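A.B. asks: Provided herewith is a single structure, encoded as structure tokens, for subsequent inquiry.
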Amino acid sequence: MKFIHITDLHLTAPETALNGSNPVDRLNACLQDIENWHSDAAFCVLSGDLSEFSESCSYTWLKDRLAAFSIPCFLMIGNHDDRTIFLNVFPDQPKDSNGFVQHVHTSDGRVFIFLDTTKDGKNVHEGQLCPSRLIWLKNQLVQAGDKPCYLFMHHPPFNIGISYVDDIKLEEAEEFAQTLESGQNIQHVFFGHVHRMTYVNWRGTSFTSLPSLNHQIPLVSESVKGEYCTEPPAYGVVMVEPDQLTVHFNTFLQRDPLHQTKLHN
Ligand SMILES: [Fe+2]
Numbered sequence: 018m019k020f021i022h023i024t025d026l027h028l029t030a031p032e033t034a035l036n037g038s039n040p041v042d043r044l045n046a047c048l049q050d051i052e053n054w055h056s057d058a059a060f061c062v063l064s065g066d067l068s069e070f071s072e073s074c075s076y077t078w079l080k081d082r083l084a085a086f087s088i089p090c091f092l093m094i095g096n097h098d099d100r101t102i103f104l105n106v107f108p109d110q111p112k113d114s115n116g117f118v119q120h121v122h123t124s125d126g127r128v129f130i131f132l133d134t135t136k137d138g139k140n141v142h143e144g145q146l147c148p149s150r151l152i153w154l155k156n157q158l159v160q161a162g163d164k165p166c167y168l169f170m171h172h173p174p175f176n177i178g179i180s181y182v183d184d185i186k187l188e189e190a191e192e193f194a195q196t197l198e199s200g201q202n203i204q205h206v207f208f209g210h211v212h213r214m215t216y217v218n219w220r221g222t223s224f225t226s227l228p229s230l231n232h233q234i235p236l237v238s239e240s241v242k243g244e245y246c247t248e249p250p251a252y253g254v255v256m257v258e259p260d261q262l263t264v265h266f267n268t269f270l271q272r273d274p275l276h277q278t279k280l281h282n
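Dropping the structure here:
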């Protein structure tokens, strides 16, 4: 099966630019490219920071846009999102029994687990998996038994060597690691938040992240004047087979053909 991973849309009010780009235009281009070339994907996962300022209008725009998109989407929230405002616009969004935006999708004998790592509060950017969210995760992993499991979370539980994001990672790394031990067959973890393409193996489990659709965080802060940089956005094309998981990092805005030069006549 094939599915798509998208993260960190940072949508603003339509027609409003953010850090030199228009997040609405970026998402439109991304969704169009997916429909053009990956219409066979079973679903898309949008792993948080759907909105930059948690404005109701940005969630409403997203809802309308996805209604016109041909592939089912699973939505998650991140540190820039407000759970209450998000749920007001998306009242049918699946939640756990405590109201967190966590749910499970099972298809093709595989279990896809979507976590809510958003910590409440104004200008709070670190991630949180409180005891009730971790208990929920443990229950899902136990129920999954030996079925292959794929986890999605906004905040990673580890450092990646960039203090800008390492300072606002998931707070409960040890508790999360302990909870993962309840899973018999965790195949991979997909995350967002870091606005970069990374592969990480953390305590024996593989993780990948993607650039934001709008603005990126430089690997070396001193290499860029300013907070963010123009490295290209990407979406992930994930192919899952019985013995293999492949993630393509698709920089959809950079696919111009090369014009070959003839060296000899
Ligand atoms: Fe973000």
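Under my numbering, residues 18 to 282 are what the sequence shown spells out, in order. Each residue gets a CB set at the ideal place from its N, CA and C atoms; glycine is no exception. In this text the structure is predicted, and so the values were computed from the model without any measurement.
So for residue 77, helix, strand or coil by DSSP?
C.D. replies: helix
A.B. asks: Which residue wins for smallest C-alpha separation from residue 253, given the options 84, 177, 259, 224?
C.D. replies: 224
A.B. asks: When the Cβ atoms of the segment 225 to 232 are set against those of the segment 206 to 215, are three or more pairs found closer than 8 Å?
C.D. replies: yes
A.B. asks: Going by beta carbon distance, what residues of the same chain come within less than 8 Å of residue 56, once the five residues before and after it are set aside?
C.D. replies: 87, 88
A.B. asks: Among the residues of its own chain, which have a CB less than 7 Å from the CB of residue 273, if the five just before and after it don't count?
C.D. replies: none
A.B. asks: Roughly how many angstroms lie between the CA atoms of residue 36 and residue 164, to the nearest whole one?
C.D. replies: 42 Å
A.B. asks: Please classify residue 137 as buried or exposed, where buried requires at least 16 neighbouring CB atoms within 10 angstroms.
C.D. replies: exposed
A.B. asks: DSSP beta-bridge partners for residue 157?
C.D. replies: Residue 157 is not bridged to any residue.
A.B. asks: At a cut of 8 Å, does the segment 259 to 268 reach the segment 63 to 80 through at least three beta carbon pairs?
C.D. replies: no
A.B. asks: Looking only at its own chain, which residues have a Cβ that is under 6 Å from the Cβ of residue 24, when we skip the five neighbours before and after it?
C.D. replies: 64, 209, 227
A.B. asks: Under a Cβ-count criterion, where at least 16 other Cβ atoms within 10 Å of its own Cβ denotes burial, should residue 124 be classed as buried or exposed?
C.D. replies: exposed
A.B. asks: Going by DSSP, which residues form a beta bridge with residue 258?
C.D. replies: 261
A.B. asks: Check the C-beta distance from residue 169 over to residue 146 and give it rounded, since I have them as a contact under 8 Å.
C.D. replies: Their Cβ separation, rounded to whole angstroms, is 13 Å, which puts residue 169 and residue 146 out of contact at 8 Å.
A.B. asks: Closer than 6 Å by C-beta to residue 185: which residues in its own chain qualify, once you throw out the five before and the five after it? Chain order, please.
C.D. replies: 142, 143
A.B. asks: Which of the three DSSP states, helix, strand or coil, is assigned to residue 145?
C.D. replies: Residue state, collapsed to three classes: coil.
A.B. asks: Shortest alpha-carbon distance to residue 189 belongs to which of 245, 249, 174?
C.D. replies: 174
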